[in-house]
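Protein chains in written order, with the numbering used here: chain A, 1410 to 1803; chain B, 722 to 1097; chain C, 366 to 875.
All residues carry an ideal CB built from backbone N, CA and C; glycine is no exception.
Owing to the predicted nature of the structure, the values given are computational and were not obtained by experimental measurement.
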């Protein structure tokens, strides 16, 4: 017993005296909150920019005085032949060890995404530090600029984008792509990745110069980028993305304005409990899909100036058309324009007909783009929210 | 010296602990590389085979004289003379030595690769074996009690992983069922079999000490295997459903991948450290028991007077072997996937059966030599 | 001069002179030893001698003895001549509650030193010992270390008889036994072993007596002397013998089939066997409603976990596993630590040390000064140190919560034990992160699992698991469900079943 105690003491002693244990205090780390990836100047190289938080300035003074410049973030960029190389090069001028575990966002430039994201997926999943629900996005703007753009309410831009993604389903115009589902789609043989789109828009109004509308750029989350294998093939518009959401997320509710049955003004419907069912079938060795969306809806804004009770069926039809248009739009984009199965339809076929799938998987891109799609949308208007228009009585 | 007594609960708990640690991560990764999303079917099949073998083992053990920890070797002595006894002891030592490889792989790859990549490998091995040695010093009964606590920890761990993963649960990832066919699933279940082989050998060693060990030990052993199977099945269902089989197959330790993905809301983004703190109990238990088994069998092999004397040399031997295996990832995976199952299964299933066969053949000699009277 | 040991073995003689010489040789002249000469029945021919220790013996009792011997003897012994035997005097003359004759010097001397009065009369071959113990005592007060809100407030005092009486008053069971032992070569301390004959675990009383009988020590000044000499695990920081100042706790322990060891001159009574979880249970659990009792018991379990692992987990997170901290919390911690010059392990050790210092300084100071210590301490630690950037505010919070949690553990001695165990855990997690934490925690667990207290597993009924005893472990089930004693007791049924109260069923009226 005593020997064992001695043994433990000795090994503890060895542990304390040997320096390289990976012991790093939290305040010795450069905590990255967002990272941008772009193609470097040298062909094939990577330009990596990181947004590093300065805790004392992010949090203000907690207790002890700690000097700061007042800038909560510190953005740097470096180039390298690979991502890891670029990160090592960051170390040449960051005084602390770059630490990735609290990263909120990975944003890639369009050019980078078109070149291939295999190295990115591999690096960020191989690294033990990175958390798996880091958001991933593609941008047509410069990632450097995007990650260092201070947004209005949050102090740290990465955190702001994190919240954009978190409440993404309210607007329902972009996919909530994080590392977890990107990796899954990337590795899957029966689905293709799709990543959200971030862009800079002149939306903010400066407090000092309110007359110059849109003088401040803000980060906007809208739309998506479609991939085939590891390469980006094109953008999806916000409308198409909404159509896509029914397929890839549990997208339950959203808002859809429709034109009034009596005049050109608009009524707004909020659909709820949307349920998308996909019925794959195989005819003549070719896949077919019957896609069925059923949803309930409330009238949340009535600009028509008439009672809608009588026009319930017509409004339902309008909403169905609007939703069907979105689904058809994304189907067309995926099938004809980009020829990539971002809708996970291959997955559905594989689950239902594994044997046919094993035959089709080799030429799935072609089979998918030729596949026949039937889209049905069924909506039911259930409520008019709090108000029932007085004219309803007459 | 009073006899060590293990309650039936402890006996079952030890079996669960012995299977759990490796089976949820390393084994599931291996299986998913073979048959994708049908991991749970392979686990189920493996559990059923485990139930069968533990019954056979118990049946064989009941009919052996002796029933002490170094049971099999003494029988070997009686059967074919000293050399055979030594051979049996040697096989047992070899079995547990080899079994230490996967255990160490589990322990080190969880802690080192995911938490402390800069800590030297030797420290993991030394500290694991140090607490293992303390446990061995305290003896089997303390191990049994620890196993009971281990069950509690396993339960908490499963609860945490379910809470953290249920949001991402996608039943579509589990489909199609049996894509690769039943024969492949059966083949893949061999890897899970190797896990319970260790547990079955453990059961064989401790069976005589269990409360109802020889009377109804088979039933309790089977219950232990079944409980372990259920605890593991949770993981083998969650892993393909949450991660997808393609992702699980990418990782050596796929349960850690699942644990990394688990999150509660947006505040608690990662809490795998809590899970690993809970997980360390079953895995340290495995280390401890392997050390115990090796030292007990080598006591027999080298005719040492006390069990305790063999602990330190055994620990050194295990440590050296563990270091050699774990040091190189490629070697570790090769050992895990290609070598270990083919050591584990023949020994676990074959040795007791062989003994039984020999005993039937040489019945007269045994009866004369058997120092212990048979009970019912 | 013959050794005192031999003198003690001598017997009393009829000659008063010899006897006086013997007693004087043993006791010598001591300021508090009083020697009073008297004449039996006022007759100068028959002289007598009386010894007592001033302060120990009640002078009123001594006066009563003298009155009997000097005044009343004459009235009752007018016809008789000469002295009779000691027994005659005891039975025929003395009106004291307890008196007896004794022939051996040792017995007489011990009695005198206990507070009794020794009477010797010329011509009588034996001495008489009259019990006259009556010294100034501390009155019964509330137990200092174990307060409660509802429930009895009397605590043990330094007098063993008062203490046993406290228990006897609670349990008028004829089978409650107090077995007497004397420990200490020089102190001759009374030790009483209390148990209920038909409940106590079989063989336990013998075991306790065997262990106490083995003790060779000069003096027993506090129960901890006995405790450390009879423990199962002398090397363990965990205490395997419970001590309490509360008579109700002792009574309940006796009812569970345990044994209490009363020791003279100390208000703490030892209880064996002891289980770890008992340190987390308080009498209030039973005296309040069971929902309340259960809730606060769970709170105390949480306090136990916090006081054991919180600093270690904090240090581990800050120095190794930063990825586990939720981002916003990580930023807050990092910003608080920005100017702290120490590594977090050192910071934690320093703060823990400061906390222990404050506690230690405050505990023995007179109350007014003690308050000053805590004010200065909290100002320095809480305010100035943080503002000066020596420690981070988070560390102050961690240490404070840990400290408060350790105070929430009802047993003082075990909260001290846990405070000590915390340090290896802290150092291991500060140097090896999760690995260190896991291994040291595992080793501690192994240790706790391996120890026993008088043959019972220390962690019972959690491990080995006893389903029946779970009703009074983490939870405190209602009284009508607590119908069993722990399974080591001889008689496991406490009360009859179906005690659950219910409103009377309404009777139908014609």
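In the structure shown, the three-state DSSP call for residue 521/C is coil. In this structure, residue 666/C lies away from residue 658/C, with their beta-carbon atoms at least 8 Å apart. The region 1736-1746 of chain A and the region 1647-1665 of chain A touch, with three or more beta-carbon pairs separated by less than 8 Å. Chain order gives the chain B residues near residue 1763/A as 897, 900, where near means a beta carbon separation below 7 Å. For residue 702/C, the residues of chain A that pass the 7 Å Cβ criterion are 1434, 1435, 1436, in the order they occur in the chain. Contact between residue 1457/A and residue 1499/A holds: their C-beta atoms lie close to 7 Å from each other, under 8 Å. Within the region 1444-1525 of chain A, the alpha helix (DSSP H) runs of at least 4 residues that lie entirely inside it are, in chain order, 1464-1468, 1492-1499, 1519-1524. Taken atom to atom, the span from the alpha-carbon of residue 803/C to that of residue 1538/A is near 20 Å. Below the 9 Å Cβ cutoff, chain A contributes 1430, 1431, 1432, 1433 as neighbours of residue 685/C, in chain order.
Neighbourhood of residue 1596/A in chain B, by CB distance below 8 Å: 965, 967, 968, 971, in chain order.
Contact note: residue 951/B does not reach chain C at a C-beta cutoff of 9 Å; the least C-beta distance is about 19 Å. The closest CA to that of residue 891/B, considering only 901/B, 939/B, 918/B, 958/B, is found on 958/B. Taken in chain order, the complete alpha helix (DSSP H) segments of 4 or more residues contained in the region 971-1047 of chain B are 975-982, 993-1022. In this structure, the beta-carbon distance from residue 794/C to residue 672/C does not fall below 8 Å. Here DSSP, grouped into helix, strand and coil, assigns residue 379/C to coil.
Here the alpha carbon of residue 1564/A sits roughly 36 Å from the alpha carbon of residue 1683/A.
At least 8 Å separates the CB of residue 820/C from every CB of chain B. The secondary-structure analysis by DSSP pairs residue 1641/A across a beta bridge with 1636/A. Distance from the CA atom of residue 1067/B to the CA atom of residue 812/B, rounded to whole angstroms, is 11 Å.
Taken atom to atom, the span from the alpha-carbon of residue 483/C to that of residue 494/C is near 5 Å. By the Cβ test, the region 1662-1678 of chain A is not in contact with the region 1635-1647 of chain A, since fewer than three Cβ pairs between them sit closer than 8 Å. Residues are counted here when their Cβ sits less than 7 Å from a Cβ of chain A; for the region 990-1011 of chain B these are 990, 991, given in chain order.
Under a criterion of Cβ atoms nearer than 7 Å, the residues of chain C adjacent to residue 1462/A are, in order, 696. Bounds of the beta strand (DSSP E) holding residue 1684/A are 1675-1692.
Annotation: Cβ neighbours of residue 834/B in chain A (cutoff 8 Å, chain order): 1537. Three or more Cβ pairs closer than 8 Å define a contact, and the region 753-765 of chain B meets that threshold against the region 959-969 of chain B. The beta carbon of residue 1485/A lies closer than 8 Å to those of 1458, 1459, 1461, 1499, 1502, 1503 in the same chain, with the five residues before and after it left out.
About 6 Å separates the beta carbons of residue 977/B and residue 746/B, which is inside the 8 Å limit, making them a contact pair. For residue 912/B, there are no neighbours in chain A by C-beta distance under 9 Å, as the nearest C-beta there is about 21 Å away.
Residue 1467/A and residue 692/C have their C-alpha atoms some 12 Å from each other. Per DSSP, the beta bridge partners of residue 1544/A are 1514/A, 1587/A. Residues of the same chain with a CB within less than 6 Å of the CB of residue 439/C, apart from the 5 flanking positions on each side, are 406, 407 in chain order. A Cβ-Cβ contact shorter than 8 Å links residue 542/C with residue 560/C.
Taking residue 769/B as reference, the option from 918/B, 1020/B, 1009/B with the minimal CA-CA separation is 918/B. When the beta-carbon positions are compared, residue 836/C and residue 844/C stay at least 8 Å from each other. Within chain C, no C-beta atom comes nearer than 8 Å to that of residue 1692/A; the closest sits roughly 51 Å away.
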